[in-house]
Amino acid sequence: MDRRVFLRDSSLMAAALALLGRAEPVRAAEPMASIELGELEVSRFVLGSNPFFGWAHQPGDAGQQMIDWYTDERIMETMDVAAGLGVTTLATAPDARFVDLWRRYRERGGKLTVWLAQCHAQAEDIPAEIDRAVEAGAAACFIQGHRVEQQYEGGTFDTVREWIARIHDHGLPAGMAAHIPTIHPEAQEKEFGADFYFQCLYNCAHGDDFADADRDTALQTIARDDRPVVAYKLLAAGRNEPQPAIEYALERLRPTDGICVGIYTRHRPNELQEDVAYFQAAAGAPTAQA
Numbered sequence: 547m548d549r550r551v552f553l554r555d556s557s558l559m560a561a562a563l564a565l566l567g568r569a570e571p572v573r574a575a576e577p578m579a580s581i582e583l584g585e586l587e588v589s590r591f592v593l594g595s596n597p598f599f600g601w602a603h604q605p606g607d608a609g610q611q612m613i614d615w616y617t618d619e620r621i622m623e624t625m626d627v628a629a630g631l632g633v634t635t636l637a638t639a640p641d642a643r644f645v646d647l648w649r650r651y652r653e654r655g656g657k658l659t660v661w662l663a664q665c666h667a668q669a670e671d672i673p674a675e676i677d678r679a680v681e682a683g684a685a686a687c688f689i690q691g692h693r694v695e696q697q698y699e700g701g702t703f704d705t706v707r708e709w710i711a712r713i714h715d716h717g718l719p720a721g722m723a724a725h726i727p728t729i730h731p732e733a734q735e736k737e738f739g740a741d742f743y744f745q746c747l748y749n750c751a752h753g754d755d756f757a758d759a760d761r762d763t764a765l766q767t768i769a770r771d772d773r774p775v776v777a778y779k780l781l782a783a784g785r786n787e788p789q790p791a792i793e794y795a796l797e798r799l800r801p802t803d804g805i806c807v808g809i810y811t812r813h814r815p816n817e818l819q820e821d822v823a824y825f826q827a828a829a830g831a832p833t834a835q836a
């Protein structure tokens, strides 16, 4: 089937089902490309988690609405929907609620299998947080961009090297995130030893500023990085339309890079199905047949 026809028909079905207040049934998983973070194989589309826990990056009560919507059960259902679409991987922090949720999800046979732990505790607590994430079953760990940037701007950037080494001591792939586009090149120059990077497409290190020029700068930086990169905030926290935003990024990312996209289904029940379809079409992957 022509991709444009598939996406059009999928959108029409999604709209009809949204009027009925229910999501489209999950289709059988289509082949999805994978990338390697160190020695860990992950789906090229990574499920983000900011909406699960109310990190809206929007004014007003948007964050609280997300918290109200995403019960533990709804989060686990979303993870299974993602797995049914070929997504193997989730990125989220090792906070107590998720650690308990992940344990219960795995015990009940949850289908999404790879958790990338984003360590975001206060600097003095990050080593212990890394240890907890590993104990809880994380397949890899990376340091949150805000914490990396605090060290970068505070003259203690080498602390990030120590955190990466601690992750490696556990035998896991280690990464670091950033909003500021100069951080990863400097980490490379200093040989921090990260296996992968998470790069925000917008330099919102000091506020929710989503300038188009930042996106191009970030994508140019990614093209020069010597490690696989997972690009995040493609949708600028809901400010960008998904299809053109995903296409724009995929046209510029390398095949060894991935994307991380958060999903909020309260007003778009089929957002996950649609975004994965946009990704698959832009990446040149097969799409579901009618």
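For my numbering, add 546 to where a residue sits in the sequence shown, where the first one is 1.
Even for Gly, the Cβ is constructed at its ideal location relative to N, Cα and C.
Treat the numbers as computed from the prediction; the structure is a model and nothing was measured.
- The continuous stretches of beta strand (DSSP E) do not include residue 632, and DSSP gives it neither H nor E.
- Beyond the five residues adjoining it in sequence on each side, residue 716 comes within less than 6 Å, by CB distance, of 680 in the same chain, given in chain order.
- Ranked by Cα distance from residue 802, the options 829, 813, 822 and 694 are led by 829.
- Our two residues, residue 695 and residue 729, have alpha carbons roughly 8 Å apart in a direct line.
- Three or more Cβ pairs closer than 8 Å define a contact, and the segment 639 to 652 falls short of that threshold against the segment 784 to 795.
- Annotation: residue 739 is outside any alpha helix (DSSP H) and is labelled neither H nor E by DSSP.
- Collapsing the DSSP output to three states places residue 808 in coil.
- Each of 812, 598 and 577 was checked against the Cα of residue 641, and the nearest Cα belongs to 598.
- When DSSP states are grouped into helix, strand and coil, residue 690 belongs to the coil group.
- Closest option to residue 677, judged by alpha-carbon separation, among 709, 762, 819 and 698: 709.
- Here the C-alpha atom of residue 819 lies approximately 25 Å from the C-alpha atom of residue 583.
- Listed in chain order, the alpha helix (DSSP H) elements of length 4 or more contained wholly in the segment 679 to 732 are 691 to 699 and 704 to 715.
- For residue 582, the secondary structure class from DSSP, reduced to helix, strand or coil, is strand.
- Here residue 812 has 615 as same chain residues with Cβ atoms under 6 Å from its own Cβ, once five neighbours each way along the sequence are excluded.
- Closest option to residue 669, judged by alpha-carbon separation, among 663, 594, 685 and 689: 689.
- Contact between residue 764 and residue 745 holds: their C-beta atoms lie close to 6 Å from each other, under 8 Å.
- A distance of 8 Å or more separates the beta carbons of residue 618 and residue 656.
- In the three-state scheme derived from DSSP, where H, G and I count as helix and E and B as strand, residue 795 is classed as helix.
- In the three-state DSSP reduction, residue 787 falls in the coil class, being neither helix nor strand.
- Look at the segment 643 to 667 and you find these whole runs of beta strand (DSSP E), each 3 residues long or longer: 660 to 665.
- Where residue 823 is concerned, the enclosing alpha helix (DSSP H) starts and stops at 817 to 829.
- Secondary structure at residue 756: coil, using DSSP grouped into helix, strand and coil.
- Residue 684 holds the alpha-carbon nearest to the alpha-carbon of residue 658 among 666, 665, 684 and 674.
- Between the alpha carbons of residue 808 and residue 779 lies a distance of about 8 Å.
- Within the same chain, 682 come within 6 Å of residue 645 by CB-CB distance, once the 5 residues on both sides are set aside.
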